[in-house]
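S.K.: Can you read through this structure? Questions will come right after.
There are 2 protein chains.
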Amino acid sequence: MAIFARLTAMDTELTPTDDLDEVERRLAMPLLDAMVTQRAVRRVLPDPVHPRIVRRCIELALEGPTGSNGQNWEFVVVTDRELKERLQVQYRRAWSVYGTAGERLRGGDPQTAKILRSVRWQVDHFTEIPVLVVACLRGGGKLPYVPMPAIAASSHYGSIYPSVQNLLLAARAVGLGASLITLPLWSTTVARRILGLPLSVEPCCIVPLGWPRGRYGPKARKPVDAVIHLERYGARAAAD
Amino acid sequence: MAIFARLTAMDTELTPTDDLDEVERRLAMPLLDAMVTQRAVRRVLPDPVHPRIVRRCIELALEGPTGSNGQNWEFVVVTDRELKERLQVQYRRAWSVYGTAGERLRGGDPQTAKILRSVRWQVDHFTEIPVLVVACLRGGGKLPYVPMPAIAASSHYGSIYPSVQNLLLAARAVGLGASLITLPLWSTTVARRILGLPLSVEPCCIVPLGWPRGRYGPKARKPVDAVIHLERYGARAAAD
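Chains A and B, in that order, give the protein sequences.
All residue numbers for the first sequence refer to this note's numbering, where the first residue is 9 and numbers rise by one.
All residue numbers for the second sequence refer to this note's numbering, where the first residue is 9 and numbers rise by one.
Right, dumping it as structure tokens:
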């Protein structure tokens, strides 16, 4: 089993497939490997992704927890070019503000510069990305600019992002490039209009999906002991 | 590989372990099985969980994505009885409001009644749960009751819940009981005081961890086609 895990971890170049049995085999990737090799893959091919594969990844998203088991998610799958164009306009507008700020603030750091280039590619090629999955929440009653206590907001979004992470992990196992973005939704009013969402359904984020142009490369993470606090904030674990 | 996956899916009674090699073997559970068998397990034994296992689960949490790769999570690991007592007081207060409302609204539904009983158990036995992992976010500038656009809030919590889902999936693979709760944090002011968190660090949710009293049972989910919309909200996929 250890050898199996190791081989799978190295198997970072999965080729596109339409074979649904092969998809199931890929979904049996060891959990550890899926997590460790997961990363944002923004540069994807324009080739279509079989709708059954997208459906399967969303099906696994539904296995995540929701508050009081409310199961109040909705997923809009966008492949239509005109809709993608309209979302791209929104993405470009938001990116012209945040991307410019990011370049000014942290563009000197090579790691950040790499991410910024990759997001820039995604903005410019947004209509070529074969599938956009828009993850939404029904209810929760968050109205724009109406205050709610921090924990209610946390609880609310705690019903969608565990599912989104399942979607990202499933995409990784299958070999699809995926990322988690919110900028095209900066105006929820406009996003609702584009996607035909009623006021009771809130668009939370988009996961663009496509077969990767490159491979799932390495990623950098802080050491775990830098973020663990024992009993109270600031108390570090003793090395053992 | 398919047979391997099937065997692991049936293996829903994992015994407590302190053996870190065994933990690594369990973390190689097929992704699909971990997702499909994941569920809230609230009734846990008071027996301690090896700190290295908790650390390993948090290490895998860090593999999740964060906005602009900010890696702005912090995890407070609480095992101290006095701190658990103080969090229990908060949990009980919030539960007396929300739990009572829940019982009145949906207590007639057997599925909901089961969840309510299980949460009630967790409230009453909160100090016996061996480990509470408090997932926090640094920065983000959310001040209590200060409005922010919906998508900024979504983006903010989108940097913690993917990690929390990794933590839950890792716990499931290892055989630990885990759940995702926010009620003990209903007052972030009090929670900050208990955990020694500065104003710049926001407690988002708690994952209680312990070896299960029972087993990972089945869970109910809506059919995927009930939550998928094609291109625009309300357009259902044709059966194929």
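Even glycine gets a Cβ: it sits at the ideal position worked out from N, Cα and C.
(1) What three-state label does DSSP hand Pro206(B) in the structure shown?
(2) Just to confirm my understanding: we take His237(A), look at its own chain, exclude 5 residues before and 5 after, and list those with CB closer than 8 Å. What are they?
(3) List the DSSP bridge partners of Val215(A).
(4) Express the C-alpha separation of Val209(B) and Leu95(A) in angstroms, rounding to a whole number.
(5) Quick check: the Cα distance between His58(A) and Ala179(A), rounded to an integer number of angstroms?
(6) Quick one: what does DSSP say Gly185(A) is sitting in, helix, strand or coil?
(7) Answer yes or no: do Val215(B) and Ile137(B) have a C-beta to C-beta separation smaller than 7 Å?
(8) So the candidates are Glu239(A), Leu35(A), Arg34(A) and Met37(A); which of them puts its Cα closest to the Cα of Val142(B)?
(9) Please classify Pro192(B) as buried or exposed, where buried requires at least 16 other C-beta atoms within 10 Å of its C-beta.
(10) Using the DSSP secondary-structure output, state which residues sit across from Ile236(B) in a beta bridge.
(11) Assuming contact is defined by CB atoms lying nearer than 7 Å, are Met37(B) and Ala186(B) in contact in what I supplied?
(12) Flag this pair as yes or no: are the beta carbons of Leu145(A) and Asn80(A) separated by less than 7 Å?
(13) Could you check if Val105(A) is buried or exposed, using at least 16 other CB atoms within 10 Å of its CB as the buried criterion?
(14) Where Arg50(B) and Pro118(A) are concerned, what is the direct C-alpha to C-alpha distance, given to the nearest angstrom?
(15) With DSSP as the reference, label Arg146(A) as helix, strand or coil.
(16) Which residues of the region 61-92 of chain A have a Cβ closer than 9 Å to any Cβ of chain B? Give them in chain order.
(17) Compare the Cα-Cα distances from Gln130(A) to each of Glu111(A), Trp103(A), Leu184(A) and Gly110(A) and report the closest residue.
(18) Could you confirm whether any beta carbon from chain B is found closer than 7 Å to the beta carbon of Gln98(A)?
(19) Pop quiz: Val31(A) and Arg64(A) are said to be a contact at Cβ under 8 Å. What is the actual Cβ separation, rounded to whole angstroms?
(20) Of the residues Ala69(A), Leu217(A) and Arg223(A), which one's Cα is nearest the Cα of Pro231(B)?
(21) Establish whether the CB of Glu136(B) and some CB of chain A are separated by less than 7 Å.
(22) Pull out every residue of the region 198-228 of chain A whose Cβ sits closer than 9 Å to any Cβ of chain B, in chain order.
(23) Nearest chain B C-beta to Arg14(A) closer than 7 Å, yes or no?
(24) Could you tell me whether the Cβ atoms of Gly166(A) and Tyr99(B) are closer together than 7 Å?
(25) Chain A partners of Ser162(B), CB-CB under 7 Å?
(26) How about Thr190(B) and Ser163(A): are their beta carbons less than 7 Å apart?
(27) Report the rounded CA-to-CA distance for Gly107(A) versus Leu124(A), giving the unit in angstroms.
(28) Mind checking which residues open and close the alpha helix (DSSP H) that includes Ser195(A)?
(29) With DSSP as the reference, label Pro38(A) as helix, strand or coil.
(30) At which residue ranges does the region 49-132 of chain A contain complete alpha helix (DSSP H) runs of 4 or more residues, listed in the order of the chain?
(31) On the DSSP bridge list, what partners appear for Pro220(A)?
(32) So Ser171(A) packs on Gly72(A), CB below 8 Å; how close in whole Å?
(33) What are the start and end residues of the alpha helix (DSSP H) that includes Ser162(A)?
M.R.: Inspection of the coordinates gives the following:
(1) coil
(2) Ala243 and Arg244
(3) Val141(A)
(4) 33 Å
(5) 13 Å
(6) strand
(7) no
(8) Glu239(A)
(9) buried
(10) Phe83(A)
(11) no
(12) yes
(13) exposed
(14) 44 Å
(15) strand
(16) Val62, Arg63, Arg64, Ile66, Glu67, Leu68, Ala69, Leu70, Glu71, Gly72, Pro73, Gly75, Ser76, Asn77, Gln79, Trp81, Glu82, Phe83, Val84, Val85, Val86, Thr87, Asp88 and Leu91
(17) Trp103(A)
(18) no
(19) 6 Å
(20) Ala69(A)
(21) no
(22) Ala199, Arg200, Ile202, Leu203, Gly204, Leu205, Pro206, Val209, Glu210, Pro211, Cys212, Cys213, Lys227 and Ala228
(23) Residue placement at Arg14(A) is poorly supported in this model, since its pLDDT is 37, which falls under 50; the coordinates are not used for a value here.
(24) no
(25) Tyr165, Thr190, Cys212 and Cys213
(26) yes
(27) 7 Å
(28) That residue, Ser195(A), is in no alpha helix (DSSP H); it is neither H nor E in DSSP.
(29) strand
(30) 59-69, 89-114 and 118-132
(31) Val52(A)
(32) 4 Å
(33) Ala158 to Tyr165
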